[in-house]
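Engineer:
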Amino acid sequence: MRARGAWLVLLIACGASFTELLDASIVNVALFTIRNDLGLSDLGLQWVVNAYLLAFGGLLLLGGRAADMFGIRRMLVVGLVVFIVASLLGGLALNGAWLVAARAGQGVGAAIIAPTTLAILTTYFTDPKQRAGAIGAWITAGVVGAALGSLIGGLLTDLLDWRWVLWINVPVGLLLLGGALVGLREIRRPAQRPGFDLAGAAAVTAGLLLVVLGAASTSSYGWGSPRTLVPLLGGVALLVAFVAIERRVRTPIVPLDIFRLRTVSAGNAVAFLANAASLPMYYLLGLFLQDVYGFSPLQAGLAFLPLSFSIVMGSFAGSMLLPKVGPRPPMLAGAAIAAAGQVWLSLAPDDGSYPVHVLVPTILMGIGIGAIFVPATSTATAGVAEERSGLASGLVNTANQFGGALGVAVLATFAASFATAAAGYTNAMLLAAGVVLLAGVAAFSAPRALPEGAGTP
572 MRARGAWLVL LIACGASFTE LLDASIVNVA LFTIRNDLGL SDLGLQWVVN
622 AYLLAFGGLL LLGGRAADMF GIRRMLVVGL VVFIVASLLG GLALNGAWLV
672 AARAGQGVGA AIIAPTTLAI LTTYFTDPKQ RAGAIGAWIT AGVVGAALGS
722 LIGGLLTDLL DWRWVLWINV PVGLLLLGGA LVGLREIRRP AQRPGFDLAG
772 AAAVTAGLLL VVLGAASTSS YGWGSPRTLV PLLGGVALLV AFVAIERRVR
822 TPIVPLDIFR LRTVSAGNAV AFLANAASLP MYYLLGLFLQ DVYGFSPLQA
872 GLAFLPLSFS IVMGSFAGSM LLPKVGPRPP MLAGAAIAAA GQVWLSLAPD
922 DGSYPVHVLV PTILMGIGIG AIFVPATSTA TAGVAEERSG LASGLVNTAN
972 QFGGALGVAV LATFAASFAT AAAGYTNAML LAAGVVLLAG VAAFSAPRAL
1022 PEGAGTP
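First residue of the sequence shown? That's 572 in my numbering, and the numbers climb one at a time after it.
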């Protein structure tokens, strides 16, 4: 493909990745103002955040499969339109229920956008070196968006109004929509569209939503509460039913034979474990810095910037190494470096120094995690037939989201089981080091080199 076209495709994909992850955190610093303006309870505030995350995490798989069935460009346009409209309506909210519904709408749009943009990259960029670089840029854009979300949200709330944390998506979304309509061609138009697996779609979507809801409830209600157990067990039961359905229907929404590809199974396992070990660090480290070291919320937010940008550095290194040495070495090295950083963090004393006991180990952890992300994502989408690129992208995005959600639930509960806050946080960081080492073990199941062409399943 021509260089100009490649740059436009990459810009659209990275812009979408930046925006969708920006929205996961942009409302956090505006919650106090939102509560006062709309009269929300603490539970209502939680739903302003969770509505987006639940819809995003629960619908990723369905969004990826829809891209395969109806066309990647078409579904990207649909996702952007849903995201833009939901953002516009959210900024006009007059009460909490309105705002929560709009945030859920944003999550639906993001769940369509995320797998379609990754599928666009894996389809447009066929050269292994170019594909690794494109995926690295896509991951980097998302990391930067997540890192800057709170900062941008604070600036918009202070200088304008909290409603602008939602309205900012409208002009950005319109630019991306225009680029998609003008600059992207439809990658495929199936001559005969397969039947839609309605039962499978309902089971997997409801199952994923319930598992995310149950995991998110642990921080408020604990593991033993019915408010946690009922959605968790219900979600697991639906996912088991989903597997049974997929084995029997003629046109499954997730053909289970895709997991016979070594790349898909290995890449998703590594992605799940790496996110389970890394995403809880934002939660744990933020509390550690404020509870133990006495940081203000602003200071804690700024302390995350080195972690986020070290992930960018690691992602760049991973994308550079992948075409030269294959996926295993950067994932193994990344797991070792990240584990070293987390063990170092676990040794931080109550009266420790931020530069020595927090800054340096978080940079190590970020570089290591970043070095895992690009090879894991590239592995999970390699060797897949073109007509299943959306499915493969949806699977790895789902692995990322669910790894992070379950990691936060498990590690937060583990940290709360200790007598002191300091002991809880440091031991949870040590447990996270063990999880990231498991990601390194899973990396041994990846092939030494990624296939260049499309696979059979």
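For each residue, glycine too, the CB sits at the ideal point set by N, CA and C.
ALA574: buried (16+ other C-beta within 10 angstroms of its C-beta) or exposed?
Structural biologist: Taking the first residue of the sequence shown as position 1, residue 574 is located at position 3. Here ALA574 scores only 49 on pLDDT, less than 50, and its place in the model should not be relied on; the value that follows carries that caveat. It counts as exposed.
Engineer: Please state whether DSSP places PRO1018 in a helix, a strand or coil.
Structural biologist: Residue mapping note: residue 1018 aligns to position 447 of the sequence shown, counting from 1. Correct three-state label for PRO1018: coil.
Engineer: By alpha-carbon positions, which one of VAL619, GLN677, LEU752 ends up nearest to ILE739?
Structural biologist: The residue given as residue 739 occupies position 168 in the sequence shown. Residue GLN677 is the option with its Cα nearest to ILE739.
Engineer: Hey, LEU625 and LEU800: beta-carbon distance below 7 Å or not?
Structural biologist: Translated into positions along the sequence shown, residue 625 becomes position 54. Translated into positions along the sequence shown, residue 800 becomes position 229. The answer is no: Cβ separation not under 7 Å.
Engineer: Distance check for ILE816 and ILE561, CA to CA, integer angstroms please.
Structural biologist: There is simply no residue 561 to check, as the chain begins at 572 and stops at 1028 in what is shown.
Engineer: Could you tell me if GLY576 is buried or exposed, where buried requires 16 or more neighbouring beta carbons within 10 angstroms of its beta carbon?
Structural biologist: For this step, residue 576 is matched to residue 5 along the sequence shown. GLY576 should be labelled exposed.
Engineer: What does the alpha-carbon distance come out to for the pair SER596 and ALA976?
Structural biologist: Indexing the sequence shown from 1 puts residue 596 at position 25. Indexing the sequence shown from 1 puts residue 976 at position 405. Taking the straight line joining both Cα atoms gives about 14 Å.
Engineer: Can you tell which of LEU647, ALA703, ALA675, LEU670 has its C-alpha closest to the C-alpha of THR688?
Structural biologist: Here residue 688 refers to the residue found at position 117 of the sequence shown. Measuring from the Cα of THR688, the nearest candidate turns out to be LEU647.
Engineer: Could you check the C-alpha separation between ALA987 and MET852 for me, to the nearest Å?
Structural biologist: Taking the first residue of the sequence shown as 1, we reach residue 987 at position 416. Taking the first residue of the sequence shown as 1, we reach residue 852 at position 281. So the alpha carbons of these two residues sit roughly 15 Å apart.
Engineer: In three-state DSSP terms, what is ARG756?
Structural biologist: Residue mapping note: residue 756 aligns to position 185 of the sequence shown, counting from 1. Three-state result, ARG756: coil.
Engineer: Quick one: is SER924 buried, meaning 16 or more other Cβ sit within 10 Å of its Cβ, or exposed?
Structural biologist: As a working mapping, residue 924 is identified with position 353 in the sequence shown. That one is exposed.
Engineer: Would you check if the distance between the CB atom of ILE938 and the CB atom of GLY885 is smaller than 7 Å?
Structural biologist: On the sequence shown, residue 938 is found 367 positions in, with the first residue counted as 1. On the sequence shown, residue 885 is found 314 positions in, with the first residue counted as 1. Contact flag set, yes.
Engineer: Rounded to the nearest angstrom, what separates ALA999 and ALA910 at their Cα positions?
Structural biologist: Position 428 of the sequence shown holds residue 999. Position 339 of the sequence shown holds residue 910. Cα to Cα, the separation comes out at about 13 Å.
Engineer: Can you tell me the Cβ-Cβ gap for PHE880 and GLY974, rounded? I've got them flagged as a contact below 8 Å.
Structural biologist: By one-based count along the sequence shown, residue 880 stands at place 309. By one-based count along the sequence shown, residue 974 stands at place 403. That pair is no contact at about 22 Å.
Engineer: Following the continuous alpha helix (DSSP H) through ALA910, name the residue where it begins and the one where it ends.
Structural biologist: Here residue 910 corresponds to residue number 339 of the sequence shown, with the count starting at 1. Element bounds for ALA910: 899-917.
Engineer: Give the straight-line distance between the Cα atoms of THR590 and VAL863, rounded to the nearest whole angstrom.
Structural biologist: Position 19 of the sequence shown holds residue 590. Position 292 of the sequence shown holds residue 863. Computed Cα separation, rounded: 33 Å.
Engineer: Only counting the same chain, and skipping five residues up and downstream in sequence, which positions put a Cβ closer than 7 Å to that of ARG760?
Structural biologist: For the purposes of this step, residue 760 is taken as the residue at position 189 of the sequence shown. Confidence is the limiting factor: at ARG760 the pLDDT is only 48, short of 50, which leaves the residue's position unreliable and the question unanswerable from this model.
Engineer: Considering only the beta carbon of each residue, do VAL653 and GLY680 sit closer than 7 Å?
Structural biologist: For this step, residue 653 is matched to residue 82 along the sequence shown. For this step, residue 680 is matched to residue 109 along the sequence shown. Yes, the Cβ-Cβ distance between VAL653 and GLY680 is below 7 Å.
Engineer: So, for CYS585: in the same chain, excluding its five sequence neighbours on each side, which residues have a beta-carbon less than 6 Å away from its beta-carbon?
Structural biologist: Along the sequence shown, one-based indexing puts residue 585 at 14. Excluding residues within five positions, the ones whose Cβ falls inside 6 Å are ALA708, TRP709, ALA712.
Engineer: Would you call THR950 buried or exposed, if buried means 16 or more other Cβ atoms sit within 10 Å of its Cβ?
Structural biologist: Stepping through the sequence shown from its first residue, residue 950 is reached at position 379. When all chains shown are included, THR950 counts as buried.
Engineer: Whole-angstrom Cβ separation of VAL825 and LEU962, contact assumed at under 8 Å?
Structural biologist: The count along the sequence shown starts at 1 and reaches residue 825 at position 254. The count along the sequence shown starts at 1 and reaches residue 962 at position 391. The pair is a contact, with the Cβ atoms about 7 Å apart (cut-off 8 Å).
Engineer: Taking only the alpha-carbon atoms, compute the straight-line gap between LEU665 and PRO900 and give it to the nearest angstrom.
Structural biologist: Residue numbering aside, residue 665 sits at position 94 when the sequence shown is read from its first letter. Residue numbering aside, residue 900 sits at position 329 when the sequence shown is read from its first letter. For LEU665 and PRO900, the distance between alpha carbons rounds to 53 Å.
Engineer: Would you call LEU827 buried or exposed, if buried means 16 or more other Cβ atoms sit within 10 Å of its Cβ?
Structural biologist: The residue labelled residue 827 in the question sits at position 256 within the sequence shown. Exposed, because fewer than 16 other Cβ atoms sit within 10 Å of the Cβ of LEU827.
Engineer: In this structure, does DSSP put GLY724 in helix, strand or coil?
Structural biologist: The count along the sequence shown starts at 1 and reaches residue 724 at position 153. If DSSP states are grouped into helix, strand and coil, GLY724 belongs with the helices.
Engineer: Using 8 Å as the Cβ pair cut-off and three pairs as the minimum, do the region 919-935 and the region 795-814 touch?
Structural biologist: Contact fails: fewer than three Cβ-Cβ distances are below 8 Å.
Engineer: Could you spell out the range, first to last residue, of the alpha helix (DSSP H) harbouring PRO946?
Structural biologist: By one-based count along the sequence shown, residue 946 stands at place 375. Looking at the DSSP string, the run of the alpha helix (DSSP H) that includes PRO946 is 931-952.
Engineer: Kindly indicate which three-state DSSP category TYR996 falls into: helix, strand or coil?
Structural biologist: As a working mapping, residue 996 is identified with position 425 in the sequence shown. Here TYR996 sits in helix by DSSP.
Engineer: Looking at the unbroken alpha helix (DSSP H) that takes in ALA808, where does it start and where does it end?
Structural biologist: Here residue 808 corresponds to residue number 237 of the sequence shown, with the count starting at 1. Here the alpha helix (DSSP H) through ALA808 covers 797-819.
Engineer: Mind checking whether ALA848 and VAL1007 have CB atoms under 7 Å apart?
Structural biologist: Counted from its first residue, the sequence shown places residue 848 at position 277. Counted from its first residue, the sequence shown places residue 1007 at position 436. In contact: ALA848 and VAL1007 (Cβ atoms closer than 7 Å).
Engineer: Just to confirm before moving on: does the CB-CB distance between TYR854 and VAL979 stay below 7 Å?
Structural biologist: In the sequence shown, residue 854 corresponds to position 283, counting from 1. In the sequence shown, residue 979 corresponds to position 408, counting from 1. Result yes, Cβ atoms of TYR854 and VAL979 sit closer than 7 Å.
Engineer: Using a Cβ-Cβ cut-off of 6 Å (strictly less than) and excluding sequence neighbours within five positions of LEU809, which residues of its own chain qualify?
Structural biologist: Here residue 809 is taken as the residue at index 238 of the sequence shown, counted from 1. Closer than 6 Å at the Cβ level, and outside the excluded window around LEU809, lie ALA774, ALA777, GLY778.
Engineer: Spatial neighbours of ALA1014 within its chain, please: CB distance less than 7 Å, with the 5 preceding and 5 following residues excluded, ordered by chain position.
Structural biologist: Residue numbering aside, residue 1014 sits at position 443 when the sequence shown is read from its first letter. Taken in chain order, the residues that qualify are VAL841, ARG899, MET902, LEU903, ALA906.
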